[in-house]
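Visitor: Protein sequences appear in the order of chains A and B. Start counting the first sequence at 1; every next residue gets the next number (our numbering). Start counting the second sequence at 1; every next residue gets the next number (our numbering). Here a beta-carbon is modelled for each residue, glycine too, at the ideal position from N, C-alpha and C.
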Amino acid sequence: MLNILLHPLAPDKLKPNKDLIGMINSLRKIRNDLIHYGIFKLNYDSSFDFTNYVFDFKNYMSELISNL
Amino acid sequence: MSKVICVKLAFPKFNRDEVTFPIDNLFFNTSASFKTDEFYGFTVEDAIIHPDVENIFSDIAPKENKYIIEIGAELNELYPNLINNADFFLDIKDKNGIIQKIYCSNQMAKVFVHTDKNDLFVLYNQIYKDKVFEDYKLNENNNVQYLKTFLTWQFELEGRSVKEIFAEFLDKKFEGFLSLINEYVSSVNYMQQEIDKFPLIIPSYSRFTVPYFYFIIKGNEEKIGHGIIATNIKHVAYVPDNFSNEQTIKLKDIVEKNSEINLWDIYYANGKSLIMNGQLKSGILSLFTCCELILNKYINESLLKSGVSKSKIEDSSKILPLVLC
């Protein structure tokens, strides 16, 4: 859903930028690796990066919802 | 309903393979006493430190410019003995491919001692229980606490004073020790999956799950110092945060479910705190749930906005799979 629909669905002023798309893709990869293949590559430090990604994603989505 | 029964706990067997167990280990061959209200900790560079605090073990001089240091940490679980030995050691290959000797014990104990001068606790291997009780004039009424698996690592550091080596090297050594602990823990996890139908999988240890380390430092003339060092003082200082009036009202609203706080925000906070406490997989799962929830919210709101009825959305949400794929 994310990389196909999010960009066209988002209003012009809230189109996700490259950084955000890249971040969402890395979130997706970590999730799919874990759920489908049981691969868990994160260590303690990269988990904090991951937490920051989720924080940015959560803020972006909240903005999208409030602009609906 | 299940019956409640009384269980008498089995005590450790006090076994050790005396033929192979190294005698150079400090923690398991001696007792170490610590003040209950005193520990060392890292601080910010510009902090004003009381001069008394700064002179850490200034009476211990190095032996040929070297100190022997042994750091130890109690883990959160009691790991298996090796061939019925509660004291054992393992040669663990570190990240640089160098073999490091890690000592493990399942029979360490702490006994609390009250003296006229201060309150102490003594850390000792139960093999030496009689000697410790004699030395500190203890009896069966003293409060003994049995520890879970206790790991120690011994190394040498070059330096002119204890203060100098603490400032320059100890932080990196903690990281090294944690990574050795995690090598051991992940290997035990693997073994337990092989032998146990319902294995207990222990998450990785971090500075948050091992908030402080014990250490013994040995210098010239066999002088020895004991201490506790905290990697994060706040974790061991027993100083709680304080919620303001406004925050208290908010907390009450959340627990009483009166608040309009989004579920994903709660999952985010839980995930973050799990990760900070070293429970990476559970934390990541919580963060993914946060993402799924907010995406679902977005989809549902979009559908509502486009004229789809609420009941249809509720029906579809029952079969809608995770949307993050």
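With which residues is CYS104(B) paired in a DSSP beta bridge?
Guide: PHE88(B) and LEU151(B).
Visitor: Below 7 Å between beta carbons is the criterion; list the residues of the segment 282–313 of chain B that meet it against any residue of chain A, in chain order.
Guide: The residues in question are GLY283, ILE284, LEU287, PHE288, CYS290, CYS291, ILE294, LEU295, LYS297, TYR298, GLU301, SER302 and LYS305.
Visitor: Is TYR37(A) close to chain B? Criterion is C-beta to C-beta, closer than 7 Å.
Guide: No - not a single Cβ of chain B is within 7 Å of the one on TYR37(A).
Visitor: Do the CB positions of MET23(A) and ILE294(B) come within less than 7 Å of each other?
Guide: In this structure, ILE294(B) does not lie closer than 7 Å to MET23(A) by Cβ.
Visitor: I need the straight-line Cα distance from ASN76(B) to ILE202(B), nearest angstrom please.
Guide: Whole-angstrom Cα-Cα distance: 9 Å.
Visitor: Examine the ligand ZN and report whether any of its heavy atoms sits within less than 6 Å of the Cβ of LEU178(B).
Guide: As presented, the structure is devoid of all ligands, the ligand ZN included, so that no description of it is given.
Visitor: I need the boundaries of the alpha helix (DSSP H) containing PHE55(A), first residue and last residue.
Guide: Its alpha helix (DSSP H) spans residues 44–66.
Visitor: Checking contacts by CB at 7 Å: is LYS18(A) closer than that to chain B?
Guide: No, because no Cβ of chain B sits closer than 7 Å to the Cβ of LYS18(A).
Visitor: Could you check whether the Cβ of MET61(A) sits closer than 7 Å to any Cβ belonging to chain B?
Guide: Judged by the 7 Å Cβ criterion, MET61(A) is in contact with chain B.
Visitor: Just to make sure I have the definition right: I need the residues of chain B whose C-beta is within less than 8 Å of the C-beta of SER47(A). Which are they?
Guide: Simply ILE275, LEU280, GLY283 and ILE284.
Visitor: Please report the distance separating the alpha-carbon of TYR103(B) from that of ILE71(B).
Guide: One C-alpha to the other measures close to 10 Å.
Visitor: Following the continuous alpha helix (DSSP H) through VAL144(B), name the residue where it begins and the one where it ends.
Guide: It is not in any alpha helix (DSSP H) - VAL144(B) instead sits in the beta strand (DSSP E) that spans 144–146.
Visitor: Of all the CB atoms in chain B, is at least one closer than 7 Å to the CB of ILE65(A)?
Guide: Cβ-Cβ to chain B under 7 Å: yes for ILE65(A).
Visitor: Step through the CB atoms of chain A and report whether any lies within less than 7 Å of the CB of LYS223(B).
Guide: Answer no: the Cβ-Cβ gap between LYS223(B) and chain A never drops below 7 Å.
Visitor: Can you give me, in chain order, the residues of the segment 89–102 of chain B that have a beta carbon less than 8 Å from any beta carbon in chain A?
Guide: Listed by position along the chain: nothing, the set is empty.
Visitor: Could you tell me if LEU26(B) is buried or exposed, where buried requires 16 or more neighbouring beta carbons within 10 angstroms of its beta carbon?
Guide: Buried: at least 16 other Cβ atoms inside 10 Å.
Visitor: Please work out which residues of its chain come closer than 7 Å, Cβ to Cβ, to THR191(B), disregarding the five sequence neighbours upstream and downstream, and give them in chain order.
Guide: For the sequence presented, residue 191(B) should be read as Met rather than Thr. Contacts found: none.
Visitor: Output the boundary residues of the alpha helix (DSSP H) element that contains TYR190(B).
Guide: Counting along the chain, the alpha helix (DSSP H) containing TYR190(B) begins and ends at 171–195.
Visitor: ASN25(A): buried (16+ other C-beta within 10 angstroms of its C-beta) or exposed?
Guide: With fewer than 16 other Cβ atoms within 10 Å, it is exposed.
Visitor: Could you check what DSSP says for ILE56(B) in three-state terms: helix, strand or coil?
Guide: In this structure, ILE56(B) counts as coil in the three-state DSSP scheme.
Visitor: Does DSSP put GLY307(B) in a helix, a strand or coil?
Guide: Coil at GLY307(B), not helix or strand.
Visitor: Does the segment 143–154 of chain B come within contact of the segment 56–65 of chain B, defined as at least 3 CB pairs closer than 8 Å?
Guide: The segment 143–154 of chain B vs the segment 56–65 of chain B: no contact.
Visitor: Could you compute how far the alpha carbon of GLU156(B) sits from the alpha carbon of MET108(B)?
Guide: Computed Cα separation, rounded: 24 Å.
Visitor: Alpha carbon to alpha carbon, how far is SER316(B) from PHE40(A)?
Guide: Each residue's Cα considered, the two are about 31 Å apart.
Visitor: Alpha carbon to alpha carbon, what distance is there between LYS13(B) and ILE5(B)?
Guide: Those two C-alpha atoms are separated by around 24 Å.
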